[in-house]
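Student: First the structure, which I've put down as structure tokens, then a few questions once you've had a look.
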Amino acid sequence: MKNTNSRQLARTWPYTRYKSFEASLRKAAEQWFSERGCEPHPRMGYCLARHDLWPMNLICEDVADYIRQEQERHLGEDSFPLHKYLHHGLSSQAMAFNLIGPLIVRNDLEPLKIAIERLGVEWPGGDVEAVFEHDDRSVFNEDNGQPTSIDIILSGSCNSLFIEAKLVEREFGGCSVFAGGDCEGRNPYPDRLGECYLHHIGRKYWQRLEELGFSEAALANGAICPFANYYQFFREAMFAFAKQGTFILLHDARNPAFLRSTDDGMAHGGLWPFLYEAIPQNLRHRVGRLTIQMVVEAIQESGGHEDWIGDFKKKYGLQ
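The C-terminal residue of the sequence shown carries number 526 in the working numbering, and the numbering is unbroken.
Next up, the structure:
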């Protein structure tokens, strides 16, 4: 039998590799900026030269105006956080502004409603309001620092929807204490909570985890702390459940980090199915996975946003 080296074996891997996905989006973003005469970063054509140029990363001027107004409205309160890399062509916040922003500004959430209901998720009742960057410090007693913030919230008379948007991210963010070298990543639950710095300063992450039933999951009972690598996922899911709402991941169907598929379209893994197993059985009906492509399809079917949806597809390589 002929020996096969690692390079040859790599070519037989049945899954799309992340690098090829990211490269395709970088190429699309660079072309989009170039065609519009934007000032690019000197070494990264898919990123604008400076953060203050972020409005050039948005497709619709009325959406950029709306974001500025939201910033001004939040002055004196918790600030409306513009992400550090909002000027980056692959920014997930910019993507959310570009995809959902026009629906908010033009008061037409119907395409989003259709896309979400196709998941089997109940749309909020009554008059529905959509806002970006929602937080509530009381949920986890986050009395200082940056609180847990949800990218998009849709609220009505019942069943608010809490949406986390991902574009080229490879992960849900991990714990900064662990990343900062102040924790070895050992799971302190349930008997060593005093070893957790966040618990020590009064954060209620572990209390919420137990109240909501996450403590029964294998991931919460392993040797490694579930927050070490999946801190953002647990915070946001628990935030939604504590507010009696539904947690939805909005992601690019092509990103193999969240759902890994073979060329035949069959899903065989990824972060989402793995972390879904950590959701308590009685709460699994209150989570959903929505792709950018599903929302684009519903918008196109509506026929009401032809002035910008084509640009969105071009900007993100969905042509």
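For every residue, glycine included, the Cβ atom is placed at its ideal position computed from N, Cα and C. Please read these numbers as outputs of a predicted model, since none were measured by experiment.
Taking contact to mean at least 3 C-beta pairs separated by less than 8 Å, is the region 367-379 in contact with the region 406-420?
Tutor: no
Student: List the residues that DSSP assigns as beta-bridge partners of Y222.
Tutor: T469
Student: Distance, Cα to Cα, Y273 vs T211?
Tutor: 57 Å
Student: Flag this pair as touching only if the region 259-279 and the region 295-306 have three or more C-beta atom pairs under 8 Å; answer yes or no.
Tutor: yes
Student: Within 10 angstroms of the Cβ of G352, are there 16 or more other Cβ atoms? Answer buried if so, exposed if not.
Tutor: exposed
Student: Expressed to the nearest angstrom, what Euclidean distance is found between the alpha-carbon atoms of P288 and D259?
Tutor: A straight-line Cα-Cα distance of about 14 Å links P288 and D259.
Student: Considering only DSSP beta bridges, list what F369 is partnered with.
Tutor: I360, F454
Student: Straight-line CA distance for D269 to Q278?
Tutor: 14 Å
Student: Identify the residues that DSSP records as bridge partners of E336: which are they?
Tutor: DSSP, once it has assigned bridges, lists S362 as partnering E336.
Student: DSSP beta-bridge partners for T498?
Tutor: Listed as beta-bridge partners of T498 by DSSP are H458.
Student: CB N394 to CB G363, shorter than 9 Å?
Tutor: no
Student: Roughly how many whole angstroms lie between the Cα atoms of I176 and Q526?
Tutor: This structure gives no information on residue 176, because the portion of the chain shown stretches from 208 to 526.
Student: Under three-state DSSP, which class holds E307?
Tutor: Rather than Glu, the amino acid found at residue 307 in this sequence is Ile. Residue state for I307 is assigned as helix, using DSSP reduced to three classes.
Student: Under a three-way DSSP split, which group does P249 fall into?
Tutor: coil
Student: Beta-carbon separation of I359 and V338 under 9 Å?
Tutor: yes
Student: Leaving out five residues on either side along the sequence, give the residues of the same chain with a beta carbon under 6 Å from the beta carbon of Q500.
Tutor: A460
Student: Short of 7 Å in beta carbon distance, which residues of its chain neighbour W479, apart from the five on each side in sequence? Order them along the chain.
Tutor: For W479, where only same-chain residues beyond five positions count, the Cβ hits under 7 Å are L456, F465, L466, R496.
Student: Report yes or no: do the region 443-451 and the region 213-229 share at least 3 C-beta pairs separated by less than 8 Å?
Tutor: no
Student: Quick test of the definition: if touching needs 3 or more C-beta pairs under 8 Å, does the region 379-386 touch the region 341-350?
Tutor: Put simply, the region 379-386 does not touch the region 341-350. Fewer than three CB pairs are less than 8 Å apart.
Student: Going by the CB atoms, is the gap between H290 and L255 shorter than 9 Å?
Tutor: no
Student: Determine the DSSP secondary structure at I266, reduced to helix, strand or coil.
Tutor: Looking at I266 - three-state DSSP - the assignment turns out to be coil, as it is neither helix nor strand.
Student: Specify the secondary structure class of H294 as computed by DSSP and reduced to three states.
Tutor: coil
Student: Taking the DSSP output, what are the residues bridged to H341?
Tutor: I357
Student: Would DSSP call H406 helix, strand or coil?
Tutor: Residue state for H406 is assigned as helix, using DSSP reduced to three classes.
Student: Helix, strand or coil, according to DSSP, for G476 in the structure here?
Tutor: strand
Student: Count the other C-beta atoms from every protein chain shown that fall within 10 angstroms of the C-beta of E242, then say buried if there are 16 or more, exposed otherwise.
Tutor: Around the beta-carbon of E242, fewer than 16 other beta-carbon atoms lie within 10 Å, marking it exposed.
Student: My guess is that L319 and Y523 are in contact by the Cβ rule of under 8 Å, so how many angstroms apart are they, rounded?
Tutor: That pair is no contact at about 17 Å.
Student: Could you give the uninterrupted runs of the alpha helix (DSSP H) lying entirely in the region 388-452, keeping only those of 4 residues or more?
Tutor: For the alpha helix (DSSP H) assignment, the uninterrupted runs of no fewer than 4 residues enclosed by the region 388-452 are, from N- to C-terminal side, 404-407, 412-418, 433-449.
Student: Could you work out which residue in P433, S298, A372 is closest to I486 when comparing CA atoms only?
Tutor: P433
Student: Measure from the C-beta of K450 to each C-beta in chain B and report whether the shortest distance is under 9 Å.
Tutor: In the structure shown, chain B does not exist; there is a single protein chain.
Student: Q300: which of H407, H458, Q507, H475 sits nearest, CA to CA?
Tutor: H458
Student: Of the choices Y396, V312, L361, E349, whose alpha-carbon is the least far from that of E340?
Tutor: L361
Student: Measuring CA to CA, which of T469, W515, I321 is closest to V222?
Tutor: Note on identity: in this sequence residue 222 is Tyr, with Val being the wrong assignment. Selected option, being the one with the closest Cα: T469.
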